[in-house]
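What follows is a set of notes on a single structure, which appears directly below.
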Amino acid sequence: MSYRLGVDVGGTFTDLLLVNEKTGALHTAKVPSTPDDSSRGVFNGINKVCEKASIEPSEITSVMHGTTVATNTILTGTGAKVGLITTKGYRQVLQIARSFVPGGLGGWVIYNKSDPLAPLALTIEADERMSSKGEIISNLKVGQLTKDIKELSKKVIEAITVSLINSFVNDKHEKEIRAQIRKKKLLPNVPVSLSSEVVPEMQEYERTITTVANSYVRPRVAEYVKNLQNGLKKMRKDIKLQILRSDGGLASAKASSDSPVNLLMSGPAGGVSGAIWIAKQAGYENLLTFDMGGTSTDVSLVKDGVAEQSRETSVGDVTVRASSVDVRTVGAGGGSIAHVPELTGALRVGPQSAGAEPGPAAYNKGGTEPTVTDANVVLGYMPSGVELGGDSDWKIRKDLAQDSVKPVAKALGLSVNKAAEGIIDIVNETMYGALRLVSVEKGYDPREFALIGFGGAGPLHANALGKLVNSWPVIIPPGPGVLCAYGDVTTNIQDESSMSFIRKFKDTNKQEVVKIFTDLEKKASKTLDAEGSPKKNRTTSFQVDIRYHGQGLTITVDFELSDLKKKGLSAIGDKFDVQHEQLFTFSLDAEKELVNLRAVVKDKALSIKAPSVGRGSKEPTKKSIIDDNAEVFMEGKKQIAKIYRRSLLKQGNVVQGPAIVTEMDSTTLILSGHNGKVDKFGNILINPDA
Amino acid sequence: MTAKLIQTNNKPFKKVKLDPITLDVIENAMFSARWEMDAVLFRTAMSPGIREQGDEFPMIANLEGKMVVGQFGSFIHGFKEAFEGTIEEGDMFLTSDPYSCNGAVSHNNDWLLLRPFFKDGRLISYAAMFGHMTDVGGKVPGSLPTDATEIFEEGIRIPPTKIYKKDVLQEDILELILHNCRLPQWNRSDFNAIVASIRTAEKRVIEAAERFGDNVYYSALEELLDRNKKAMAKLIKTTVPTQKQYFEDYICDDGLEMGPYKIKCAMWRKGDKVIFDFEGTDPQSTSSINFFLNEEMFKMFCGVYMIMVFDPAIMFNDGFYDLMEVRIPDGSILKPKYPAALSCRTHALGRIFDVLGGLLGQGAPDFLCAAGFSDSPHLMYSGYDKHGEWYQLYMIGFGGVPGKPMGDGPDGHSLWPSFTNVPNEFLESYFPLVIEEYYTVPDSGGAGFHRGGNALATTYKFLEPGNVSIHDDRWLTYPWGVNGGHPGARSTKTLVRKNGDTEILPSKCDRLQVHEGDTLYHVTWGGGGWGDPFTRPAERVAFDVEAGLLTRDGAKGNYGVIVKPDYTVSKAATTKLRAKMSKARGKTKLFDKGFENIAELKKRCKEETGLDAPSDPVFQTWVKAAS
């Protein structure tokens, strides 16, 4: 038998999903994560899931995995020492960046800029110059550069990046520098990356930071992937490891180690992919995804089963040019702390977070400040006495939550219950803002979308968010942790290739553009060739970044190559006009300009079906009710709610709000005036009462 | 004269009691709407000034026209005072004339669009947005002639005009305006973009009123203004002394070889109220460096600055305006009389922030920031290329952000909100030039415990003959340091002709003929330093030397730090040198302006800058020369 395995490493738990490739039979396991070396948790989990399925680990043929290693390397500043070679006169390209100071008028007063990812002390200049048209203005002076690199090599450098001005039109000098480094063995064992290969697009700062970020995270990612792969190979020699990319596609272990800049959103992309998969089974393909964790919340928009993509990925201070699922992150989650600044007397929630340590006050681990979780506990939405992490000695304490909210209540002149409700309202409003960014601001009407809530705190807040954005039903999938693992298993291998090609429509023609796209498709297919994916299973999508000549930012337009061949460039231009109108309420009778061209090649995804939960009647069984007289505070008054055990709910059950549905790692809240219907796969579909 | 409001529904809104949570929720909703206005504009505007650089200012106001969210404060009051006509549903106003809107915009390049929002026949809110157009006609490309003596030389003046009536675009008027601009396509697109951004705000405002109820929305805006007033009242009480504080700073010259011009301000608190009095500020200039300063806008600058320095958690809006009184003498450089030229007001606008910083910080030196890059140096380059096509570049440069209580000033960054530089590869692709160097100048940031940011140096090689304009300042006076910090370096501009001839350029010039192969060395100024440089951690000084942001000599001469060839600190030698230098200096100064008095500064001008010192300003006879 052959099995494939999805693995998601979260902050608290590692979730695994084992799929029988023939029968589609599924097995899941959940084990504690091991943050010091997350591969340990992974192997613990593999043993557990194999035991459950009564199979040998050697029967697993492929492993699909979403990882946050790349992200954490940037957030914690623990990446490689990266050297940088720039064009003469541009040594400070990362120091100057885009000269941008965040924070509005006077924002500079409180802005402290962090040092560049490639330190200036490790940055040298190459005497050379290419014109914007790709003509050589001055040849590369090899002698001086060789000397400078030798000098640089005396310092500790783990990676070197070459990013020269206008190399996106002509990469000759970048290649020459790499050849010199290798030929003369100037930096033995130091990997060399070229900006013209990592991201051959215009804008020197963006190209440089992307290439440097790639080098910065590479050693950590490569080491992690290697350890994981070595461990897996002990189980089975020809086992295939694939990593989820930021854009929601899978990449081979080697491709991931080579271009880890594409993995910065690997974690959130897993959740989005999982959400797409499970919602599709439930019959929904237009989704707002709402993934609320302890310190932050990720939202995205899915249209016709495909997540919106962004051409930029941001982690902390660093924004790189790399495709990713367009996930907007807001710094608010279950751990966000509520406070009332003395001068304004306004209630604020976040951006400070209690994190995992000391955590919310209700967790009794030393936290005393009121968090969003504490507010949920005060209101009875998270029942007290519930065990945390399967530990019978560690239970939620309502009294501690109430104590923590008291000072806020006092400052606002409200009761503790009302203050707690306020905290929830404020944090929901912040999430609402994020959901609007991905929907209304992009011209989508959220009423045409369902909202799917997951992550540790998502199911608690999803119903309220559905109310705010008017997206129904609100879908709460079963097992919010394992959802990411589902995402890992059910996506496909993909790769993309792009280049800047800045031309007004009148300065190019159909033939030229078609030729470039065909070449890009070939280039992107190489990864899939290497993975042995059969050609007949592949699909390619073609994209252009396009604008009206003179505009700064671009819009990405998807189109069919056959349309381009038939109708010429107007096949792209007409689509652009429509999209521009949708986004900005007007289009222009102005010349259009191509900026970047891109081909994305995808393998076919494995089709697996979610397990079903078995039929039940409309009324949930008595057994499934843990408490039929639980007190909650909702809409400004005390109400009586029922608490259900999710594992005992069946298809067809209707849970009338106010109600709480608990499972091992999450709690779902159904508000009064709403009901949750359980579908075939155990999803709870919440709708307003008719 | 005042505008007349016409509503079909005159039922007044009712003030209702709000719970604090609803209030916070509405505040959040207003903020989202304001950011959305930016997002829409950035993506669709064409002028690089708006699009790449972010020279735009959105605002949402209550029905009285008080700004609830935004950044430059409300000008609606001034507009309503000056406008003789009706305000009706479906109107959208366009104006660019500072003199007809009490300085709501301060030069003809800024196009302001303003729209009243009606719901069920009643005025419920306003929103406005203005953006800087690359060109609005006039005597020079870019419409910012340094040597203009009247506003008529500075491009088309648009009085407050209903560009939409009953939601119908007045195309004839728009075409007439665009006909007077050098790059009508850009103006048209920018105009559309501003309209789209205001319409977005309108949608959000109406949504919010529907969601919460009209009376709740109305009351919430009132409450938000009031909340801000209360917070600012506390802030003013704790930070502004009753004793008068004075501060003065200068604009180096007027582009007509006269200068410097003094901006002087006194500040004191009387009860709850803070008073700013610009008595002693120089009279208006005959050139275009005048800045028509709207009093309300100054209040906003001041409020924002106080909030940023003392308590960034406060959300700012117009609520505190009653707590400030601003007195600006008529006929001064900050309140010039029509038809004085105004286009190059950027220097005075920037300098106002330095004056503010100096005033507010005196009472609380721990919060005092140094002087910095309080300007937006402009570079314009235009002409016909080899194919006979017109090209026209307008861009804003950056420099050293001042040292401040929180830390170093970034090198080569912007003091203006949301501004970014234009990528050089973009410039080289669209304009006939090569940018040979782009770096920040070592040692140009003022030394201090927190270092001032370094000046930005850009070397442009021109590939086509054309016309260049440069507008900059701080070439004579320095960005001052505080609490022992040193002043930052001055700005310089040098042109090297293809044949090697070198010309030191004045800080402000127009119609400079350049030819293929000429090279411009464009260097802005550094930020002032904050705090005693002899106390800056020596390792950080050495780090900056290795990074190339300081020189070894600079480390030694300004910080007393001896950096060894391997970039480590020579500890013993450093301790000794620092002790010696510290003793020789004595007590640190609150302000280090880099000169004793103007006469002394002028005396060494030629030697230090290569330029003749400007002569003392001659004021028009009708204005009373300030004391």
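Order-wise, the sequence lines are chains A and B.
Our numbering applies: residue 2 is where the first sequence begins, and numbers increase by one.
Our numbering applies: residue 30 is where the second sequence begins, and numbers increase by one.
Ideal Cβ placement from N, Cα and C applies to all residues, glycine included.
On a predicted model such as this, the values are computed, not experimentally measured, just so you know.
Item	Value
Indicate the three-state DSSP secondary structure (helix, strand or coil) for Ser315 (chain A) in the structure shown.	strand
At the level of alpha carbons, what is the spacing between Ala451 (chain A) and Lys407 (chain A)?	36 Å
Roughly how many angstroms separate the alpha carbons of Tyr459 (chain B) and Val574 (chain B), rounded to a whole number?	36 Å
Mind checking which residues open and close the alpha helix (DSSP H) that includes Glu126 (chain A)?	Per DSSP, Glu126 (chain A) belongs to no alpha helix (DSSP H); it is in the beta strand (DSSP E), Thr124 to Ala127.
I want to know whether the stretch 285-305 of chain B touches the stretch 383-392 of chain B - three or more CB-CB distances under 8 Å.	yes
Nearest by alpha-carbon distance to Thr692 (chain A): which of A:Val273, A:Arg179 and A:Arg322 is it?	Lying before the first or after the last residue shown, residue 692 (chain A) is absent from chain A, which here runs from 2 to 691.
Any idea which residues DSSP pairs Asn21 (chain A) with across the strands?	A:Tyr4
Taking all protein chains shown into account, do 16 or more other C-beta atoms lie within 10 angstroms of the C-beta of Ala613 (chain B), making it buried, or fewer, making it exposed?	exposed
Using only the alpha-carbon positions, how far apart do Cys130 (chain B) and Lys366 (chain B) sit?	14 Å
So what does DSSP say about Thr15 (chain A), is it helix, strand or coil?	strand
At the 8 Å Cβ level, is Phe478 (chain B) part of the contact set with chain A, yes or no?	no
Leaving aside the five residues before and after Met243 (chain B) along the sequence, list all residues of the same chain whose C-beta is less than 7 Å from its C-beta, in chain order.	Reading off the sequence, residue 243 (chain B) comes out as Asp, not Met. For Asp243 (chain B), where only same-chain residues beyond five positions count, the Cβ hits under 7 Å are Phe42, Lys148 and Ile153.
For Met293 (chain A), which residues does DSSP report across the bridge?	A:Thr298
To the nearest whole angstrom, what separates the beta carbons of Ala62 (chain B) and Val234 (chain B), a pair I think is in contact under 8 Å?	7 Å
Consult DSSP for Leu245 (chain A) and reduce its assignment to one of helix, strand or coil.	strand
To the nearest angstrom, how far is it from the Cα of Lys1 (chain A) to the Cα of Trp554 (chain B)?	The question about residue 1 (chain A) has no answer, for chain A in this structure spans 2 to 691.
Is Pro675 (chain B) close to chain A, meaning its C-beta is less than 8 Å from at least one C-beta of that chain?	In the structure as shown, chain B starts at 30 and stops at 656, and residue 675 (chain B) therefore has no counterpart that could be examined.
Flag this pair as yes or no: are the beta carbons of Val430 (chain B) and Val102 (chain A) separated by less than 8 Å?	yes
Identify each residue in the stretch 245-270 of chain B for which the Cβ-Cβ distance to at least one residue of chain A is less than 8 Å, and report them in chain order.	Arg256, Asn257, Lys259, Ala260, Lys263 and Leu264
Under 8 Å by Cβ, that's how I've got Asp299 (chain A) and Thr320 (chain A) pegged, so tell me the actual separation to the nearest angstrom.	At roughly 16 Å, the Cβ-Cβ gap does not stay under 8 Å, so Asp299 (chain A) and Thr320 (chain A) are not in contact.
Hey, does Gln100 (chain B) have any beta-carbon neighbour from chain A nearer than 8 Å?	yes
Residues of the stretch 185-206 of chain A with a CB closer than 7 Å to any CB of chain B: list them in chain order, please.	Met203, Gln204, Glu205 and Tyr206
Leaving out five residues on either side along the sequence, give the residues of the same chain with a beta carbon under 8 Å from the beta carbon of Asp628 (chain A).	Pro384, Lys643 and Ile644
At a Cβ threshold of 8 Å, is Phe448 (chain B) touching chain A?	yes
Distance, Cα to Cα, Ser172 (chain B) vs Thr74 (chain A)?	49 Å
Distance check for Pro189 (chain B) and Pro447 (chain A), CA to CA, integer angstroms please.	38 Å
So, is Lys516 (chain A) buried or exposed, given that buried needs 16 or more other C-beta atoms within 10 angstroms?	exposed
Can the beta-carbon of Ile609 (chain A) be found less than 8 Å from the beta-carbon of Val20 (chain A)?	yes
Residues of chain A with CB closer than 9 Å to the CB of Pro27 (chain B), please, in chain order.	Because chain B in this structure spans residues 30 to 656, residue 27 (chain B) falls outside the shown range and cannot be described.
Using a Cβ cut-off of 9 Å, pull out every chain A residue sitting near Met337 (chain B), in sequence order please.	Gly104, Gly105, Leu106, Gly107, Gly108, Trp109, Val110 and Ile111
So Lys490 (chain B) and Thr548 (chain B) are in contact, right, with Cβ under 8 Å, and what is the actual spacing, rounded?	5 Å
Secondary structure at Thr31 (chain B), three-state DSSP: helix, strand or coil?	coil
Going by C-alpha to C-alpha distance, which of A:Ile61, A:Lys399 and A:Glu309 sits closest to Lys238 (chain A)?	A:Ile61
Which stretch, first to last residue, makes up the alpha helix (DSSP H) that contains Tyr217 (chain A)?	Glu205 to Met236
What did DSSP end up calling Trp20 (chain B) once you bin it into helix, strand or coil?	Look at the range of chain B in this structure, 30 to 656, and you will see that residue 20 (chain B) is not part of it.
Applying the criterion that 16 or more other CB atoms from any shown protein chain within 10 Å of the CB defines a buried residue, is Leu76 (chain A) buried or exposed?	exposed
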